[in-house]
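Colleague: First, the structure itself, so that you have it in front of you.
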Amino acid sequence: MPFQPFHRSCCDITVDQFGTLRCRARRDDGTFRDASMDLNESIGNIDGYLSWAGRFFGRSAEDIKFGVEGDQGDQAMLRARVITEDGDKQDSELNLGEEIGNHNGQLYRRNWTF
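Residue numbering for the sequence shown follows full-length UniProt numbering, beginning at 1 and increasing consecutively.
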């Protein structure tokens with residue numbers, strides 16, 4: 001099964017202040033279901049940068065925002081202010097569409113096996 005970014009087959013996408021991604025995800029039969037994923041299980045804060053390495057980014061992030069961007073809606077951007085190792089705060093972003101997909105109404109991380 002080829003990887004397809006989740007935001008191309010989901011609607012009503014939000015990320016709450018705790019780092020939970022929620023949406024209506026399309027199933028193979030064309031219907032939609034509520035789906036969610038705790039991004040803290042997959043995203044960390046590496047010295048002030050959101051990263052797929054690590055976990056629990058929400059513990060050191062504030063002003064968490066999500067938006068689908070780009071000329072063709074090809075970027076599913078997570079943005080937040082995160083704390084650096086020195087205690088400063090800086091803006092960081094991560095394209096969730098690079099790693100999160102939708103399989104029959106279920107959100108998953110790339111390379112996850114069904």
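Heads up, the beta-carbon is just placed ideally off N, CA and C, and yes, glycines get one too.
#1: With the cut-off set at 7 Å, would you say G54 and N40 are in Cβ contact?
#2: Can you give me the C-alpha to C-alpha distance between D29 and R59, rounded to a whole angstrom?
#3: With DSSP collapsed to three states, give me the class of G87.
#4: Quick check on the DSSP output: the beta strand (DSSP E) that includes L21 runs from which residue to which?
#5: Give me the Cα-Cα distance between I43 and C10, rounded to the nearest whole angstrom.
Modeller: Quick answer:
#1: By one-based count along the sequence shown, residue 54 stands at place 54. By one-based count along the sequence shown, residue 40 stands at place 40. Not a contact, by the Cβ cut-off of 7 Å.
#2: Here the question's residue 29 lines up with position 29 in the sequence shown. Here the question's residue 59 lines up with position 59 in the sequence shown. Approximately 38 Å, taken between the alpha carbons.
#3: For the purposes of this step, residue 87 is identified with residue 87 of the sequence shown, where counting begins at 1. Looking at G87 - three-state DSSP - the assignment turns out to be coil, as it is neither helix nor strand.
#4: Working through the sequence shown from its first residue, we reach residue 21 at position 21. Unbroken beta strand (DSSP E) run through L21: T20 to R26.
#5: Residue numbering aside, residue 43 sits at position 43 when the sequence shown is read from its first letter. Residue numbering aside, residue 10 sits at position 10 when the sequence shown is read from its first letter. Straight-line Cα distance between these residues: approximately 20 Å.
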